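Engineer: Residue numbers for the sequence shown follow numbering that gives the first Met the number 0, beginning at 0 and rising by one. There's a structure below that I have some questions on.
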Amino acid sequence: MNPQDQNPDVPNVNADAAAVGGDAPAVDLSAKLAELEARHTEVSDAYLRAKAETENIRRRAEEEVSKARKFAVEAFAESLLPVKDSLEAAIAMPGAPVDKVLEGVHATLRQLAAALERNKVLEVNPPAGTKFDPHQHQAISMVPAEQDPNTVVAVLQKGYLIADRVLRPALVTVAAPK
């Protein structure tokens, strides 16, 4: 017994097709099926192309990030080469007068500072009286002072930023509350 015969709410497709007149609905269904299969193939192909394109974009982005990192380090290293050259030249001159060596050290320090600045590495060297900034300063001690509490009294070691990121905080002493 056919399950459609048992449930009166389910239409009997075979009976309806026979009543309408033969094979017309079967041809319509075959055409509709072929149309849907073609559409499915089309959508499936579009999905696969989009998926492949997404993967290609992801891969290219990873390669570009990798290249950017590589070349950023390369540019930074290249800017430090003159500093190294200056230090090697100083070492190659044994017995040079102290004043000339000191002059060379100062020139080399200027070269290094310029190279760091070109690469956006900036000094953090707060003057006395500057409000203590825990994002850029590290308090080593608190000392009694005549200036306002929680302000920098002295810098023990300079800090450095690269862009807006702290490479090393400035080591400072801070005025204690009164």
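Ideal Cβ positions, reconstructed from N, Cα and C, are used throughout, including at glycine. Only a predicted model underlies this, so the values are computations on that prediction, with no experimental measurement involved.
Throw me the rounded Cβ distance for the Val152 and Gln146 pair, which I believe falls under 8 Å.
Structural biologist: 7 Å between Cβ atoms; contact.
Engineer: Since Thr172 is in the beta strand (DSSP E), which residue starts that stretch and which ends it?
Structural biologist: 169-174 is the extent of the beta strand (DSSP E) around Thr172.
Engineer: Could you tell me whether any non-hydrogen atom of the ligand HEM is closer than 6 Å to the CB of Ser29?
Structural biologist: This structure does not include the ligand HEM; it has no bound ligands of any sort.
Engineer: Mind checking which residues open and close the alpha helix (DSSP H) that includes Gln156?
Structural biologist: Not the alpha helix (DSSP H): Gln156 falls in the beta strand (DSSP E), residues 151-156.
Engineer: Starting from the Cα of Tyr159, find the closest Cα among Gln137, Thr150, Pro148, Thr172 and give me that residue.
Structural biologist: Comparing Cα positions, the closest option is Gln137.
Engineer: Taking the alpha-carbon of Thr172 as reference, which of Glu61, Val97, Ile139 has the nearest alpha-carbon?
Structural biologist: Ranking Glu61, Val97, Ile139 by Cα distance to Thr172 puts Ile139 first.
Engineer: Along the chain, which unbroken stretches of the beta strand (DSSP E) at least 3 residues long are found entirely within the region 120-145?
Structural biologist: You should have 120-123, 136-142.
Engineer: Leaving out the 5 sequence neighbours to the left and right, which residues in its chain are closer than 8 Å to Ala175 when beta-carbon positions are compared?
Structural biologist: For Ala175, where only same-chain residues beyond five positions count, the Cβ hits under 8 Å are Met141, Val142, Pro143, Ala144, Pro148.
Engineer: Whole angstroms are fine: how far does the CA of Ala113 sit from the CA of Val64?
Structural biologist: C-alpha separation (whole angstroms): 26 Å.
Engineer: Using only alpha-carbon positions, find the residue among Arg48, Leu166, Lys130, Ala25 that is nearest to Asn118.
Structural biologist: It is Leu166.
Engineer: How would you write the range of the alpha helix (DSSP H) that Ala49 sits in, first residue to last?
Structural biologist: Looking at the DSSP string, the run of the alpha helix (DSSP H) that includes Ala49 is 23-90.
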